[in-house]
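Following our numbering, the numbering of the sequence shown begins with -10 at its first residue and continues without gaps. Contents: one structure, followed by commentary.
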Amino acid sequence: MTRHPDLDAHGDVGALPFRLTGAVRRALAAHARLAFVTRLLRHAAAQAEQPALDPLDLSAEREAAGLDDATLDDVVAGCRLVDGAFRLPQAARLLRLLIEAVEALVVPLAVADAEGRRGGATAFHERSRALLDSLPALEGDLVPERWLELLSGDGPEGLPRLAADLRTALEVLQRSLAQEDVAGATAFGLEGEDRGHLAAFMAGLNRTAPLKLDQPGLATLASRSGGDLFVQVEVVPDEPHVLTVQVDGLTCHLAYLDPHLQRVRFFQGLLASHGLAWTETRAREARGADGRETQYHAGARLTLPDEAALARFLEALGSRLVFLIDWNRARKRLRSFVDGPASLDLLRWAADQGVGHRAFLALGGERLVYEAIEGASPTPVRYGQRLDELLGREAAVDFLRFVFRAASDGLQRGRSERFIRDEIRADLLGRFETLEHGVLALASEHALLVAELAGAVRDTLAFEAGADPALARRAADWESRADGLVERVRTLARRSPRAKLYARLLGEADDVADDLEEAAFLLTLPPARAGGPARDALRPLAAHLVAGAAAWSECLRASAHVTRGGAREDLQTFLEAVDRLVTLEHQTDEAERAVTGLLFGEGVEPRQLVLFLRVGQALEQAADALARGALLLRDHFLTEVMTG
């Protein structure tokens, strides 16, 4: 077969065998906008005639019709009767929306007429022109009643009747197209091997498409024309960003249209290993949504040795397209951290690894990285400071690769954003020189969760009516977050022998979180609502744990400043915090024995006896674990840091 002239890289990529199906799709979207505006006009008129009624909220219908401008939501409430006419906010704009929608509805009928089908566009052109000619003139936002009747009324000469007839004609045209679905692609008139070729292309596209997350794009049409299969992908909707593939025997012709030249080069690089012969990329001025804009056209040709090789190429080609979505935005975000060439290398790596960049953007882009830097850096950093200034170029690129992979894998596996952010920050902690400082920061965050748990137990015991039913859920969430911190410290410990101590240290602290979560859960059970001396005796025990949690946080804060040859005051503050923890542990032992004695001496009901005993034991064990952690940290500083 000969080369299809519409696939010339310097021609109009839009003038392809899909112009009819594309026009129908756009017409159906226009019909939704038209229906919304006519409904808006009806309600605006009704509101003006009965202003005492509450205005109808049509925002959901507006959004469903694809109109993002929220100022349209004020039209109904703002319509007023003035001297026998209606003052309608944005009247001229609403008329323009209606005219544009009618024009879009007629386009596919005109295309059908040009292709020898019976679209009937001429008659509809005449009807729409007659309608517009019959409209009374507008004076600003002042609208005659006849104007509203023609655009929203039920008369035979009105716009709603014209719109209904156009919709009927479109439905007839749609039925004549005989479409089918092939692996998610909308196809028309396929024959022979077409379905196998299209299925191979869609296998690649569908394999990587989940990486775009909720971003629209990759709508695919396929059709047979002139004996060849044509596949067209609208990479990004409502943009001149389209790939069209013509399969002519064992030869593939590509036509690629893109408003960004650098993305054209990137796409060509993604396919470099396949040996395509590209034509020279040409620029062309075209009318866009915001006026004139430049579009870039590139074409390529590749002949494969056999059907198996053709299928492999088509699959590989389809799999690359998702990496073009939001590519330019990702490139700009990355330049906040590394230079331009490194940004392009990162995006190419993300595509080659099947990771992509959309998850990075979905989680906040540069904000995701800055939060990690601010939370992990041993020294304050300014917003906007380049990451390669902090870590060095190679380390910064390696970290950003981790960010891309963690974001993508995390969202694909359904992990929470909090987990992914914590994972990214934990990784960055290990990349700064002061690994010990980073681990202590995690331990301090863990200590805050321990303090939350201890405070919740104390407050519950102080409340005579019993525990809040939500306490167990909150406590379990705090304990789960604490477990996550411990796991991240263990990850760091695998990278450095110096961090192994802190993995042990946080293991002790995590026993505290486990015991406090157990106590919180027990206090939500029905037997815990009973008062009496035993419950009262538990209160000082819980108060000791709150004081212990505060002393543990102080211990960690002070330890960050203890160095060999450092200020004596820093070491003294640290040792005082350790001493308070050990003292509180002894006081907790005594309080727990007092609770036990009361429970066995008061004739307490068996369920309450068991429950309060377990609460007391859990609190005492938590105090023991805090003391063990403090002594472990003290021994480390006295035997290793101060003498190292």
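Ideal Cβ placement from N, Cα and C applies to all residues, glycine included.
How should residue i be labelled, buried or exposed, when 16 other C-beta atoms within 10 angstroms of its C-beta is the threshold for buried?
{"i": "V71", "result": "exposed"}
{"i": "V2", "result": "Only weak support is given to the placement of V2: the predicted model assigns it a pLDDT of 39, under 50, and the question is left unresolved by the model."}
{"i": "R410", "result": "buried"}
{"i": "R623", "result": "buried"}
{"i": "L9", "result": "buried"}
{"i": "A614", "result": "buried"}
{"i": "K201", "result": "buried"}
{"i": "Q561", "result": "exposed"}
{"i": "H230", "result": "buried"}
{"i": "D170", "result": "exposed"}
{"i": "S332", "result": "buried"}
{"i": "P486", "result": "In this predicted model, P486 has a pLDDT of only 45, less than 50, meaning its place in the structure is not dependable; the value taken from the coordinates is given anyway. That one is exposed."}
{"i": "G277", "result": "Because G277 sits at a pLDDT of 49, beneath the cut-off of 50, its placement in the model cannot be relied upon, and the following sentence gives the value as read from the coordinates. Answer is exposed; the Cβ neighbour count stays below 16."}
{"i": "A459", "result": "exposed"}
{"i": "D295", "result": "exposed"}
{"i": "A119", "result": "exposed"}
{"i": "G181", "result": "exposed"}
{"i": "P97", "result": "buried"}
{"i": "F626", "result": "buried"}
Could you tell me which residues DSSP pairs with residue i in its beta bridges?
{"i": "L218", "result": "R213 and V236"}
{"i": "Q251", "result": "Looking at the DSSP assignment, Q251 forms no beta bridge with any residue, so it has no partner."}
{"i": "T283", "result": "E274"}
{"i": "R290", "result": "H242 and A266"}
{"i": "L131", "result": "R76 and E128"}
{"i": "V231", "result": "E223 and L246"}
{"i": "A208", "result": "E223"}
Could you say which of the options lies nearest to residue i if we only look at CA atoms?
{"i": "L431", "options": "L564, R477 and T449", "result": "R477"}
{"i": "P149", "options": "H230, Q221, L200 and F25", "result": "F25"}
{"i": "W267", "options": "L600, Y245 and R273", "result": "Y245"}
{"i": "E363", "options": "G537, A415 and A331", "result": "A415"}
{"i": "A502", "options": "L494, E558, G206 and L438", "result": "L438"}
{"i": "D559", "options": "C544, G181, G403 and D122", "result": "C544"}
{"i": "D504", "options": "R524, L588, R479 and D472", "result": "D472"}
{"i": "A90", "options": "L140, E104 and R322", "result": "L140"}
{"i": "G173", "options": "T209, L162 and P229", "result": "T209"}
{"i": "G605", "options": "R85, T240 and L450", "result": "L450"}
{"i": "L260", "options": "E412, L56, V446 and D341", "result": "D341"}
{"i": "E304", "options": "C241, D122 and H435", "result": "C241"}
{"i": "F357", "options": "S117, G329 and A395", "result": "For the sequence presented, residue 357 should be read as Leu rather than Phe. For the residues S117, G329 and A395, the minimum Cα distance to L357 belongs to A395."}
{"i": "L588", "options": "A526, E223, R557 and A539", "result": "A526"}
{"i": "A612", "options": "D102, L530, L323 and A189", "result": "L530"}
{"i": "L179", "options": "Q163, V161, L207 and D217", "result": "D217"}
{"i": "T270", "options": "E282, T283, S262 and G288", "result": "G288"}
{"i": "P78", "options": "I88, L87 and V65", "result": "V65"}
{"i": "G238", "options": "P226, L291 and A192", "result": "L291"}
{"i": "R301", "options": "H263, K321 and F326", "result": "H263"}
{"i": "E565", "options": "L87, A619, E581 and A59", "result": "A619"}
{"i": "F190", "options": "E282, L232 and A616", "result": "L232"}
{"i": "L310", "options": "G354, G353, F219 and P199", "result": "P199"}
Would the C-beta of residue i count as close to the ligand FMN, meaning under 7 Å from any of its heavy atoms?
{"i": "L87", "result": "Among the components of this structure there are no ligands whatsoever, and the ligand FMN is therefore not found."}
Taking the alpha helix (DSSP H) that residue i falls in, what are its first and last residues?
{"i": "A539", "result": "P522 to S548"}
{"i": "Q576", "result": "R557 to G590"}
{"i": "L350", "result": "R347 to A351"}
{"i": "G185", "result": "D183 to T197"}
{"i": "T60", "result": "Element bounds for T60: n/a, residue is neither H nor E."}
{"i": "T157", "result": "L148 to S165"}
{"i": "T111", "result": "A110 to S123"}
{"i": "S325", "result": "Careful: S325 lies outside any alpha helix (DSSP H) and carries neither H nor E."}
{"i": "G605", "result": "P595 to H625"}
{"i": "R407", "result": "E406 to L418"}
{"i": "T10", "result": "R8 to E38"}
{"i": "R650", "result": "Here the chain covers residues -10 to 633 and nothing more, so residue 650 does not appear."}
{"i": "A49", "result": "S48 to A53"}
{"i": "L299", "result": "E296 to R309"}
Quick one: give me the first and last residue of the beta strand (DSSP E) that residue i is part of.
{"i": "F75", "result": "A74 to R76"}
{"i": "T175", "result": "A174 to F177"}
{"i": "E169", "result": "Q168 to V171"}
{"i": "V71", "result": "R69 to V71"}
Of all the CB atoms in chain B, is at least one closer than 8 Å to the CB of residue i?
{"i": "R414", "result": "Absent from the structure is chain B; it holds one protein chain and no more."}
Within the chosen definition, does the stretch 253 to 263 reach the stretch 209 to 219 through at least 3 CB pairs nearer than 8 Å?
Counting C-beta pairs closer than 8 Å gives fewer than three between the stretch 253 to 263 and the stretch 209 to 219, which falls short of the contact rule.
Segment contact, 8 Å Cβ cut-off, at least three pairs: the stretch 18 to 37 with the stretch 48 to 62:
Between the stretch 18 to 37 and the stretch 48 to 62 there are three or more C-beta pairs closer than 8 Å, enough to call the two in contact.
State whether the stretch 79 to 87 contacts the stretch 117 to 131, with contact taken as three or more CB pairs (one from each stretch) at a distance under 8 Å.
Judged by Cβ distances under 8 Å, the stretch 79 to 87 makes contact with the stretch 117 to 131, as three or more pairs qualify.
At a cut of 8 Å, does the stretch 41 to 48 reach the stretch 97 to 114 through at least three beta carbon pairs?
Short answer: they don't touch.
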